[in-house]
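Residue numbers (the numbering used here): 69 to 295. Note that CB positions come from ideal geometry on N, CA and C, so glycine has one too.
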Ligand code: 6GU
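Have a look at this one:
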């Protein structure tokens, strides 16, 4: 899968894709990341990509032309039409279902907005959807893009060798994940639950399910009401 990220801060992404699961996915050639500098598609000496809002108001608004040209340039490198998302706090909420959907795409384009605003014609005419990662305001879409790339890359078929652990994730079945323990069995008097040391696989599976349900009921009852 290929992910293209359109941003005014390509340097912000330097290094972050060189660790963990994203590094593995790239090394196995299952994930290709392209950083596209929006300023490369500005035409003036100062490489201007924003301007003052019509109708007045504080802050600057991202201009439509550089975004359009960046998307054109990306699409010229691709026979099929990519899925394009504008990252903005006004978007639909990114969740595990959308992560799964994205992980099955050949090519995803993420356009990082700025918090002051993006010319509305980008959302209306140039992308398939607007996506938000939660109900808080970021200064731009860059950290949302990172979050989405992380969530999606670990779902790309072949990236995680133990696919069972992906299936058991929190949210994969609308439940929080159960607690985990490793050695030592006792540390400073804090004991690992006996059942996990029992060797009784059926009892262990039952415990994991019960704990997942208990945690979900306690912390995220909204998840149980979804079905
Ligand atoms: Cl995608 N962008 C911005 N600027 N703020 C956000 C967001 C995105 N998602 C949540 N808050």
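query	result
Over what stretch of residues does the alpha helix (DSSP H) that includes residue 193 continue unbroken?	188-193
Please report the straight-line C-alpha distance between residue 277 and residue 193, rounded to a whole angstrom.	46 Å
Do you know how far the Cα of residue 290 is from the Cα of residue 271?	28 Å
Rounded to a whole number of angstroms, what is the C-alpha to C-alpha distance between residue 107 and residue 75?	8 Å
Start and end of the alpha helix (DSSP H) containing residue 164?	164-171
Assign residue 82 to one of three DSSP states: helix, strand, or coil.	coil
Going by CA-CA distance only, name the one from 238, 243, 265 that's closest to residue 251.	265
According to DSSP, is residue 75 helix, strand or coil?	strand
If you scan the segment 202-234 from start to end, which runs of the alpha helix (DSSP H) of 4 or more residues do you find wholly inside it?	210-221
Find the nearest neighbour of residue 104 within the set 73, 116, 98, 90, judged by alpha-carbon distance.	73
Below 7 Å CB to CB, which residues in the same chain sit around residue 207 once its five sequence neighbours on both sides are set aside?	183
Quick one: residues in its chain with C-beta nearer than 8 Å to the C-beta of residue 148, no 5 flanking neighbours on either side, listed in chain order?	174, 175
Can you have a look at residue 225 and say buried or exposed, based on whether 16 or more other CB atoms are within 10 angstroms of its CB?	exposed
Any chance the CB of residue 214 is under 7 Å from a heavy atom of ligand 1?	no
What does DSSP give as the partner residue(s) for residue 254 in the beta ladder?	259
Does at least one heavy atom of ligand 1 sit under 7 Å from the Cβ of residue 80?	no
Leaving out five residues before and five after residue 141 in sequence, what residues of the same chain have Cβ atoms less than 8 Å from its Cβ?	104, 109
Quick check on DSSP: helix, strand or coil for residue 291?	helix
Beta carbon of residue 275, beta carbon of residue 263: below 8 Å?	yes
Quick check on residue 190: buried or exposed, where buried means 16 or more other Cβ atoms within 10 Å of its Cβ?	buried
Assign residue 122 to buried or exposed, taking buried as 16 or more other Cβ atoms, counted over all protein chains shown, within 10 Å of its Cβ.	exposed
As an exercise, report each continuous beta strand (DSSP E) stretch of at least 3 residues that is fully enclosed by the segment 99-141, in chain order.	100-105
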